[in-house]
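Before any comments, here is the structure.
2 protein chains.
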Amino acid sequence: MSLNVALVGIGKIALDQHVPALKASPDFTLAATVSRKGSVEGVPAFTDFATFLESRPDVTVVSLCMPPAPRYDYAEAALLAGRHVMLEKPPGATLSEVHALEALAKSKGLTLYATWHSRMAHAVAPAKAWLKDKAVQVAHITWREDVRKWHPGQDWVFEPGGMGVFDPGINALSILTEILPAPVHLKKARLEFPANRQTPIAAQLTFSGNVTADFDWRQEGPQTWDIEVQTSQGHLALRMGGNVLELNGKPSGGENTIMGEYPALYARMAQLVKTGSSEVDLSPMTHVADALTLGERVAVEDFHF
Amino acid sequence: MSLNVALVGIGKIALDQHVPALKASPDFTLAATVSRKGSVEGVPAFTDFATFLESRPDVTVVSLCMPPAPRYDYAEAALLAGRHVMLEKPPGATLSEVHALEALAKSKGLTLYATWHSRMAHAVAPAKAWLKDKAVQVAHITWREDVRKWHPGQDWVFEPGGMGVFDPGINALSILTEILPAPVHLKKARLEFPANRQTPIAAQLTFSGNVTADFDWRQEGPQTWDIEVQTSQGHLALRMGGNVLELNGKPSGGENTIMGEYPALYARMAQLVKTGSSEVDLSPMTHVADALTLGERVAVEDFHF
Chain A
1 MSLNVALVGI
11 GKIALDQHVP
21 ALKASPDFTL
31 AATVSRKGSV
41 EGVPAFTDFA
51 TFLESRPDVT
61 VVSLCMPPAP
71 RYDYAEAALL
81 AGRHVMLEKP
91 PGATLSEVHA
101 LEALAKSKGL
111 TLYATWHSRM
121 AHAVAPAKAW
131 LKDKAVQVAH
141 ITWREDVRKW
151 HPGQDWVFEP
161 GGMGVFDPGI
171 NALSILTEIL
181 PAPVHLKKAR
191 LEFPANRQTP
201 IAAQLTFSGN
211 VTADFDWRQE
221 GPQTWDIEVQ
231 TSQGHLALRM
241 GGNVLELNGK
251 PSGGENTIMG
261 EYPALYARMA
271 QLVKTGSSEV
281 DLSPMTHVAD
291 ALTLGERVAV
301 EDFHF
Chain B
1001 MSLNVALVGI
1011 GKIALDQHVP
1021 ALKASPDFTL
1031 AATVSRKGSV
1041 EGVPAFTDFA
1051 TFLESRPDVT
1061 VVSLCMPPAP
1071 RYDYAEAALL
1081 AGRHVMLEKP
1091 PGATLSEVHA
1101 LEALAKSKGL
1111 TLYATWHSRM
1121 AHAVAPAKAW
1131 LKDKAVQVAH
1141 ITWREDVRKW
1151 HPGQDWVFEP
1161 GGMGVFDPGI
1171 NALSILTEIL
1181 PAPVHLKKAR
1191 LEFPANRQTP
1201 IAAQLTFSGN
1211 VTADFDWRQE
1221 GPQTWDIEVQ
1231 TSQGHLALRM
1241 GGNVLELNGK
1251 PSGGENTIMG
1261 EYPALYARMA
1271 QLVKTGSSEV
1281 DLSPMTHVAD
1291 ALTLGERVAV
1301 EDFHF
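Going line by line, the protein sequences match chains A and B.
Mapping of the first sequence onto this note's numbering: position 213 corresponds to residue 213, and the numbering continues sequentially without gaps.
In this note's numbering, each residue's number is its place in the second sequence (first place is 1) plus 1000.
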């Protein structure tokens, strides 16, 4: 039986990813949208969240796609109204607020799912399986993309709480924390802040265990989303944001997932609701908070879209 | 029976607080120090931690008092060598590294105690008891002190990871998170960074539930460490860093602790070791990481000691 879900915050990510995933989902029916401006053709549209919650008790799941800063208030209201909640990444503006949501969901017996879409990329599960019994010697993340291409004119990413280059970088960290056989922690970070902006546009991170990361949002031309891991028993590379696996320099046919990232997230949400459980792993977000706590701040040239 | 303890990092806080507390402790004997420069008269002094761990198996507890940045490596080495570990505040340079220590201590069956000395101030326990069944309407922290007086020439507090004004501010947050009947989370923060420094010298924080904080490290003359809480059933003020309690404007005789802060920390550590348990509450440090993640950064004038 299909569950009714409402999408809240109809912007780029909702239209590009959530709507197609829901239209193809065997588990969910897109039964409402809530957004100040956006809507989806053929789906009842609300502009006020409280009105939606009151008038649509048949919609038992809400999926929150707005930027992280306002997300807490919606998630809290939804849980207090007895709805299961799915959160886009990052799950909130602060770690403490997600801890609070987790406690609230638990106390109400509801599902809270803090999603990390990159963990559902095709090659992540096979990479994890391959690394499981190996000793990691060195690992390096290269995550270089063009913010003008992926967030055109979205000034909020450079405003306080917008996370800057950690908005894509947290995708890399969500994969890293999923595939490594043992956790790492940050030892050092260098953060490049444009003089006219509040969040970093580039970051170089050094973790324990010879794990490093290079995040840059100024990459024009070819884009790079690679993770390379050298082990005592060979070399693994994840390319294209976790979608392509190479073992010892050769493409591997080891793909054992068949869905795209967002269809897989909704399948997981359906499973969590069915089993009455939650999934909230804050380790990628904790690494970002650690970088902003520990990092050296370097001023670089102004950035304009 | 008294436990042998080693103090590691013999600087100002060790000499001012830890040594007198240990000399008066019925639970511990100060059996060694480890420090590049400092020592304590009459106590065997080591300069190298690995040498100490190898040569003094009789010392089952280590208390780490150095600045947070190098603390992880010592804590990990101590736990791997089968010692119980007590950490000065803040418990580390990153949240992830303390999570890692917690997991390590658990796997080895050892005690890890992340201390918050301000929670042991005289009036904190009575304040907590008074607030327990009350509805908080508004709360405000004023934590204004002179960094030149309390950290003379200690440039590390302004270096990456040194936390700046959050070094004293985290004491206020450790009390707040202890006494409030329900948790809060940060909504907004304004951070004042001296143009020549890497960490903030002042911060204004706005939490959920009408809780605010004003931290400033430029306070000359009288120093202020106050927490005021308005409830539906009266007003509470904690003054002098948690040592003085006022209820409805009148001094309260409600003190039910009789020890100083550091003697109380060591008594708690003895109890944790005896019962084979750990105590690691990261909520004060999470609020600081949240402030550095979410905060608006404002440049203020250069600071020189």
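Don't be surprised by glycine CBs; every beta carbon is placed ideally from N, CA and C.
Worksheet item: Applying the criterion that 16 or more other CB atoms from any shown protein chain within 10 Å of the CB defines a buried residue, is Val-1124(B) buried or exposed?
Response: buried
Worksheet entry | Status (buried if at least 16 other CB within 10 Å, exposed otherwise) for Thr-1177(B) | buried
Worksheet item: Taking the alpha-carbon positions, what's the Asp-1214(B) to Arg-190(A) distance?
Response: 28 Å
Worksheet item: When you compare each of Val-1005(B), Val-1008(B), Leu-1022(B), Ile-1013(B) to Met-1259(B) by their alpha carbons, which one comes out closest?
Response: Leu-1022(B)
Worksheet item: Helix, strand or coil: which one does DSSP assign to His-117(A)?
Response: helix
Item to complete: Could you check what DSSP says for Phe-158(A) in three-state terms: helix, strand or coil?
Response: Helix, per DSSP.
Worksheet item: Would you say Leu-1294(B) faces chain D, with C-beta separation under 8 Å as the test?
Response: Given the protein chain composition of this structure (A and B), no chain D is represented.
Worksheet entry | Other residues of its chain near Val-1211(B): CB distance less than 7 Å, five sequence neighbours each side excluded | Only Ala-1139, Val-1184 meet the Cβ criterion.
Worksheet entry | Residue closest to His-1151(B), alpha-carbon to alpha-carbon, out of Val-1034(B), Gly-1164(B), Val-1062(B) | Gly-1164(B)
Worksheet item: What residue from Gly-9(A), Pro-44(A), Ala-14(A), Val-62(A) has the CA that sits closest to Arg-36(A)'s CA?
Response: Gly-9(A)
Worksheet item: Taking 8 Å as the CB-CB cut-off, is Arg-1297(B) touching chain A?
Response: For Arg-1297(B), the answer is yes, since a Cβ of chain A falls inside 8 Å of its Cβ.
Discussion item. Which residues in chain B have a C-beta closer than 9 Å to the C-beta of Gln-154(A)? List them in chain order.
Written reply: Against chain B, the beta carbon of Gln-154(A) has no neighbour under 9 Å; the closest one sits roughly 18 Å away.
Item to complete: Establish whether the CB of His-1287(B) and some CB of chain A are separated by less than 8 Å.
Response: yes
Worksheet item: In chain order, what residues of the same chain have a beta carbon less than 6 Å from the beta carbon of Ser-252(A), not counting five sequence neighbours either side?
Response: Leu-245
Worksheet item: So what does DSSP say about Thr-1293(B), is it helix, strand or coil?
Response: Here Thr-1293(B) sits in helix by DSSP.
Discussion item. For a cutoff of 8 Å on Cβ pairs, would you count Ala-93(A) as touching chain B?
Written reply: yes
Worksheet item: Mind listing which residues of the segment 192–221 of chain A have their C-beta closer than 7 Å to chain B's C-betas, in chain order?
Response: Gln-198
Practice prompt. Tell me where the alpha helix (DSSP H) around Glu-261(A) begins and ends.
Written response: 261–275
Worksheet item: Buried or exposed: Leu-80(A), going by 16 or more other Cβ atoms within 10 Å of its Cβ?
Response: exposed
Discussion item. Beta-carbon within less than 8 Å of Ala-1077(B)'s beta-carbon, same chain only, minus the 5 sequence neighbours each way: which residues are those?
Written reply: Phe-1049, Ala-1050, Leu-1053
Worksheet item: Which value, in whole angstroms, describes the spacing of the CA atoms of Pro-222(A) and Lys-149(A)?
Response: 12 Å
Item to complete: Taking all protein chains shown into account, decide if Asn-171(A) is buried (16 or more other Cβ within 10 angstroms of its Cβ) or exposed.
Response: buried
Item to complete: Could I get the ranges of all uninterrupted beta strand (DSSP E) runs contained in the segment 187–262 of chain A, with 3 residues as the minimum, in chain order?
Response: 202–207, 211–216, 224–231, 234–239, 244–247
Item to complete: Please list, in chain order, all residues of the same chain as Ala-135(A) whose beta carbon is under 7 Å from its beta carbon, the five residues on each side excluded.
Response: Correct list, in chain order: Thr-231, Ser-232.
Discussion item. For Leu-112(A), tell me which candidate among Gly-295(A), Asp-302(A), Val-280(A), Pro-20(A) has the shortest Cα-Cα distance.
Written reply: The residue with the shortest Cα to Cα distance from Leu-112(A) is Val-280(A).
Item to complete: Could you list which residues in chain A have their beta carbon closer than 9 Å to that of Leu-1186(B), in chain order?
Response: Neighbours of Leu-1186(B) on chain A, chain order: Ala-93, Thr-94, Ser-96, Glu-97.
Worksheet item: Going by Cα to Cα distance, which pick from Gln-219(A), Gly-109(A), Glu-296(A), Ala-270(A) is closest to Thr-115(A)?
Response: Of the candidates Gln-219(A), Gly-109(A), Glu-296(A), Ala-270(A), the one whose C-alpha sits nearest the C-alpha of Thr-115(A) is Ala-270(A).
Worksheet item: Leaving out the 5 sequence neighbours to the left and right, which residues in its chain are closer than 7 Å to His-84(A) when beta-carbon positions are compared?
Response: Cβ within range, chain order: Thr-60, Val-61, Leu-110, Thr-111, Val-273.
Worksheet item: In this structure, what does DSSP give as the bridge partners for Asp-146(A)?
Response: Arg-218(A)
Worksheet item: Can Glu-192(A) and Ile-179(A) be called in contact, C-beta distance under 8 Å?
Response: no
Worksheet item: Would you say Gly-161(A) reaches chain B, if we count a Cβ-Cβ gap shorter than 8 Å as a contact?
Response: yes
Item to complete: Would you mind working out which of Lys-106(A), Phe-28(A), His-304(A), Asn-243(A) sits nearest Pro-194(A), comparing C-alpha positions?
Response: His-304(A)
Discussion item. Please return the same chain residues whose Cβ sits closer than 7 Å to the Cβ of Ala-299(A), not counting the five positions on each side in sequence.
Written reply: The answer, listed in chain order, is Phe-193, Ala-195.
Worksheet item: Taking Cβ-Cβ distances shorter than 8 Å, what residues in chain B pair up with Pro-168(A)?
Response: Within chain B, no residue comes near Pro-168(A); the closest Cβ sits about 16 Å away, beyond 8 Å.
Fill in: Cutoff 8 Å: Ala-1100(B) Cβ touching any chain A Cβ
At least one beta carbon of chain A lies nearer than 8 Å to the beta carbon of Ala-1100(B).
Worksheet item: What whole-angstrom Cβ distance do Leu-294(A) and Pro-1160(B) have, given they're in contact under 8 Å?
Response: 6 Å
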